[in-house]
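Peer 1: For the sequence shown, the numbering used here assigns the number 25 to the initial residue and increments by one for each residue that follows. I'd like to ask some things about the structure below.
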Amino acid sequence: MCVIRCFTSVQMRDRSDDMATPSATGLTIADLEAAPEDTVIRHLIDGDLYVVTPPTIRHQRVVARMFAALLRHADAHGGEVLTAPTGVRLSDRDMPEPDVLYVRAENLDRLGERYVEGAPDLVVEVSSRSTRRLDIVLKRRQYERFGVEEYWFVDLDADHVAVYRLGGGRYGPPIVHEPGELIVAAVIDGLEVRVEDLFPA
25 MCVIRCFTSV
35 QMRDRSDDMA
45 TPSATGLTIA
55 DLEAAPEDTV
65 IRHLIDGDLY
75 VVTPPTIRHQ
85 RVVARMFAAL
95 LRHADAHGGE
105 VLTAPTGVRL
115 SDRDMPEPDV
125 LYVRAENLDR
135 LGERYVEGAP
145 DLVVEVSSRS
155 TRRLDIVLKR
165 RQYERFGVEE
175 YWFVDLDADH
185 VAVYRLGGGR
195 YGPPIVHEPG
205 ELIVAAVIDG
215 LEVRVEDLFP
225 A
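Here's what the structure looks like:
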C-alpha cells in the first residue's frame, strides 16, 4: 500500500445519506502517522478512514462554547478538556478525533505525548451535514464498543443535545435535552451545562 498516495487522493464524496464514506480501508494508526502533517480531521474506525470537510462557523461556535463550559469545570475540579484534532487511540485500527473530550483527573494517565490512550470519560460531537450519520451511527457504536461512559451529540438541526450513557456495556436510549434544560453529567461530578448556552443567537 502506498500510504502517501492514499492520503493525497483522499477526498469526501457527497452521498444522498449525508454520511462521510471511507476513502481507504485496512489502515492502522501507523499509516495515519505516515501522512503529511496538516489540519485535516481523520477518523479511523475499524481500519476504515473517514476524512471530514471543514465545519461551519456555527459548528465551531458551539464547539467553543462547549469547550469553555467544560474547561471551567476542569479548572475548578481537575481533569483535562481537549478539542479536535486530538487523536483518541482505542486500538491499532480505531482512532477517532472527537470535537470535544473530557478526561477526569483520576484518569490523566491516559494522556500520552501525542494521543489520548484509551477511552475519554466524556465525548462530545457537534453535528454537521457531512458527518451526521458518522457521528450518530458509526462513531456512537465505536464509543460504545470501547467504553466511553458518556457521549453527547449536539444536534444543530434541532438545537438540542442527545446524551448517551453506558450501562452494561451498551448505550441506553438517548436522553434529549432542549433549550431551557440543564444537562447534568453522570460521569463527571458537578458538571452541568445549560443547553441554551451552547447555541449562540
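Glycine included, C-beta positions come from ideal geometry on N, C-alpha and C.
With DSSP collapsed to three states, give me the class of residue 58.
Peer 2: Note: residue 58 maps to coil in three-state DSSP.
Peer 1: How far does the alpha helix (DSSP H) with residue 81 in it extend, from its first residue to its last?
Peer 2: 81-101
Peer 1: Over the uninterrupted alpha helix (DSSP H) stretch that includes residue 167, give me the two end residues.
Peer 2: 164-169
Peer 1: Roughly how many whole angstroms lie between the Cα atoms of residue 79 and residue 85?
Peer 2: 10 Å
Peer 1: So, helix, strand or coil for residue 158, using DSSP?
Peer 2: helix
Peer 1: Does the distance from the CB of residue 91 to the CB of residue 124 come in under 8 Å?
Peer 2: yes
Peer 1: Please state whether DSSP places residue 40 in a helix, a strand or coil.
Peer 2: Low confidence applies here, because residue 40 scores a pLDDT of 35, under 50, leaving its location unreliable; read the following figure in that light. Three-state DSSP puts residue 40 in coil, outside helix and strand.
Peer 1: Run the CB neighbour count on residue 39, radius 10 Å, all protein chains shown included, and call it buried at 16 or more, exposed below.
Peer 2: Interpretation of residue 39 is limited by its pLDDT of 34, a score under 50 that renders its predicted location unreliable; the figure taken from the coordinates is listed afterwards. Exposed.
Peer 1: Which residues bound the beta strand (DSSP E) around residue 52?
Peer 2: No beta strand (DSSP E) holds residue 52; DSSP gives it neither H nor E.
Peer 1: Using a Cβ-Cβ cutoff of less than 6 Å, which residues in the same chain neighbour residue 220 once the five nearest sequence positions on both sides are dropped?
Peer 2: In the same chain as residue 220, and ignoring 5 residues on each side of it, the C-beta atoms closer than 6 Å to its own belong to 203, in chain order.
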